[in-house]
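For reference, the structure discussed in these notes is given below.
Protein chains in written order, with the numbering used here: chain Y, 25 to 333; chain Z, 306 to 637.
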């Protein structure tokens, strides 16, 4: 009976009102386009009419050689793009952060800024600048290699099928290395001095201090940069487009899902744009990223411990 | 086995001189406490001994060997920090064993030492836990255990009890005292709490503004302080300092401890009014505003009924009254 006596709490309208702007904006620019894309991928344009075909577009994408060859090529290239980032960008970022956090290093603020600057540059500038640098005709790379007697190593990296993707991946690494560096640097600074001093007293110094004390404590940050790299890489488009164009040459060797999607959706040169197939590719990209993030959230992040000091 | 000698150690951070020439000798097995107010340089001195700071000049010798430029790990010391400084990603067992593992000690030996240390500190039920799953007192015991397993020549404690609550502080203090008795190791302990200093130390080093004011046993410092600073720092409540001129004395300042004053409602040396009374059960602290001596504290053992506003006469024990000169030094 006590529950009846208690006055009913009036509906708190202000909660809904305060939430409304964010919900509306997010719905308008995120949820509706996403739903629209998913819907578009289930239809096909037949005689100027949108006809529901179920998963037909996906069957075409995976099964029709006209699409599947390019799709698997783009996916493979994208995976390689991601592997290069994980193997080069993140370890070097951690290394740079470790060097920067060393109290003995002078001018560390200068290095930090210098390494971070490319991150805030536009893709167009980075892509174009590196195209010029690596150009066999007027680029500075051959001359610079000549200075150190290594000119024989030079090849037009962006023009050779076997090198172009790796070269562009490394350009992207160059551009974005500041992000893992900064995140890890912040994580390293958050380790209390006393813990490091205790390690010094325990005889755990130098490299073993890094491996046994610092690295385990920054693992959560490494997890974060891995997932950021994953999402960024599978959404990448701009650098390839500015450096190699929408055809992602030579001979599609730098084609990743972003450029593949672009050609499918908008069309390019002789290829006619097909919004339905474009949406199908976009859906697959969405599912790949969703899957990766879920693996991270449910399998990896739950096992990483965050430490409070 | 664990002697320490410090010769004219100075330390400056930029233009700020924190240690102004410290000389100290600690013999094997002694429990030495550095005590002093905040900023007196006691922690810096400990860090210089540990090798976490380099002294600007002077020498540090452990067992007769000059270790002034030796890294901390090679000095044979172990340090316990105020903030525990445990490795948060390792279990209690691995926290204690990591340093030994790094030094290449055989696994059986590591286990043996962890076994001894953990039974000594009653940490056995927690060996597989991580620091986050322990209480503050347990964490500090792990930090002490981590020092014990290294079997160092010198134990260094940097305010180890400051982060614990009052009840735990007393318990842990007792454990440290027992540990010292069992291990017979040389221990150097930094604190700003004179009670910890008095209860633990064989020898107390009182520091002030980067200099040693006095070195001596607890009772020595209590009974014959060398100067006004030590007299005021040791003992609680603090010694009363009275301007000598007001009492018609030749000394600049007269010092008398609250417990060396007696009160009487009818007659005595200094007539005063009770300002406030603190009843602690075992003691009663009276604050008296005296005509001659100013505001003084009187500590009476047991219960004493005195209401604020009452008139009381306080009389100092002449045998336990200290006279200080203009330079603050005690006059014999």
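All C-beta atoms in this analysis are idealised placements derived from N, C-alpha and C, irrespective of residue type, glycine included. Source: prediction; values computed, not measured.
query, result
"Does the distance from the C-beta atom of residue 461 of chain Z to that of residue 354 of chain Z stay below 8 Å?", "yes"
"Specify the secondary structure class of residue 256 of chain Y as computed by DSSP and reduced to three states.", "helix"
"Could you tell me the distance, in whole angstroms, from the CA atom of residue 308 of chain Z to the CA atom of residue 515 of chain Z?", "22 Å"
"Where does residue 564 of chain Z fall in DSSP's three states?", "helix"
"By the three-class DSSP mapping on this structure, what secondary structure does residue 362 of chain Z have?", "strand"
"Which one of Z:384, Z:326 and Z:574 has the shortest CA to CA distance from residue 226 of chain Y?", "Z:384"
"Cβ of residue 505 of chain Z within 8 Å of Cβ of residue 339 of chain Z?", "no"
"Give the single residue among Z:624, Z:587, Z:477 and Z:568 whose Cα lies nearest to the Cα of residue 593 of chain Z.", "Z:568"
"Starting from residue 492 of chain Z, follow its DSSP beta bridges and name the residues at the other end.", "Z:336 and Z:460"
"Quick one: which chain Y residues come within Cβ less than 7 Å of residue 643 of chain Z?", "The displayed coordinates of chain Z run from 306 to 637. Any statement about residue 643 of chain Z would go beyond what the structure contains."
"Nearest CA to the CA of residue 100 of chain Y: which residue from Y:321, Y:62 and Y:257?", "Y:257"
"Quick one: does residue 320 of chain Y have its CB under 8 Å from some CB of chain Z?", "no"
"Looking at C-alpha atoms only, which residue of Z:360, Z:392 and Z:352 is the closest neighbour of residue 288 of chain Z?", "Any property of residue 288 of chain Z remains undetermined from this structure, which presents chain Z solely from 306 to 637."
"Just the chain Y side, please: which residues come within less than 9 Å of residue 376 of chain Z by C-beta, in chain order?", "224, 227 and 229"
"From residue 246 of chain Y to residue 313 of chain Z, what distance separates their C-alpha atoms?", "47 Å"
"Given residue 25 of chain Y, which residues of its chain have a CB within under 7 Å of its CB, disregarding the five upstream and five downstream residues?", "Model confidence at residue 25 of chain Y stands at a pLDDT of 48, short of 50, so the residue's coordinates are unreliable and nothing is read from them."
"Pull up the distance between the alpha-carbon of residue 525 of chain Z and that of residue 601 of chain Z, whole angstroms please.", "24 Å"
"How about residue 386 of chain Z: is its C-beta nearer than 8 Å to some C-beta of chain Y?", "yes"
"Taking three-plus beta-carbon pairs below 8 Å as touching, is the stretch 324-333 of chain Y in contact with the stretch 234-249 of chain Y?", "yes"
"Answer yes or no: does any C-beta atom of chain Z fall closer than 8 Å to that of residue 68 of chain Y?", "no"
"Within 10 angstroms of its Cβ, does residue 424 of chain Z collect 16 or more other Cβ (buried), or is it exposed?", "exposed"
"Taking any Cβ of chain Y, which residues in the stretch 408-434 of chain Z have a Cβ under 7 Å from it, in chain order?", "408"
"Using the Cα positions of residue 271 of chain Y and residue 95 of chain Y, report the straight-line distance between them to the nearest angstrom.", "13 Å"
"How many whole angstroms separate the CB atoms of residue 331 of chain Z and residue 491 of chain Z, which I take to be in contact at a CB cut-off of 8 Å?", "6 Å"
"Does residue 355 of chain Z have its Cβ less than 8 Å from a Cβ in chain Y?", "yes"
"Check the Cβ of residue 466 of chain Z against every Cβ in chain Y and list those closer than 8 Å, keeping chain order.", "Here the premise fails: no neighbours, minimum Cβ distance about 16 Å."
"DSSP on residue 25 of chain Y, reduced to helix/strand/coil?", "Its pLDDT being 48, under 50, residue 25 of chain Y is placed unreliably by the model, and the measurement read from it follows with that caveat. Here residue 25 of chain Y sits in coil by DSSP."
"Which residue comes first and which comes last in the alpha helix (DSSP H) that contains residue 306 of chain Z?", "Counting along the chain, residue 306 of chain Z falls outside any alpha helix (DSSP H), and DSSP gives it neither H nor E."
"Closer than 8 Å, CB to CB, is residue 367 of chain Z near chain Y or not?", "no"
"From this set, Z:553, Z:566, Z:549 and Z:565, which residue's C-alpha is nearest residue 559 of chain Z's C-alpha?", "Z:549"
"Kindly identify the DSSP beta-bridge partner or partners of residue 601 of chain Z.", "Z:593"
"Is it a yes or a no for the stretch 289-305 of chain Y touching the stretch 107-124 of chain Y, going by three-plus beta-carbon pairs under 8 Å?", "no"
"Buried or exposed: residue 279 of chain Y, going by 16 or more other Cβ atoms within 10 Å of its Cβ?", "buried"
"Please name the residue or residues paired with residue 618 of chain Z in a DSSP beta bridge.", "Z:569 and Z:576"
"Between residue 573 of chain Z and the rest of its own chain, which residues show a CB-CB distance below 7 Å, the 5 nearest in sequence each way excluded?", "618, 619 and 620"
"List the residues of chain A that residue 329 of chain Y touches, going by C-beta distances under 9 Å, in chain order.", "You won't find chain A in this structure, because its protein chains are Y and Z."
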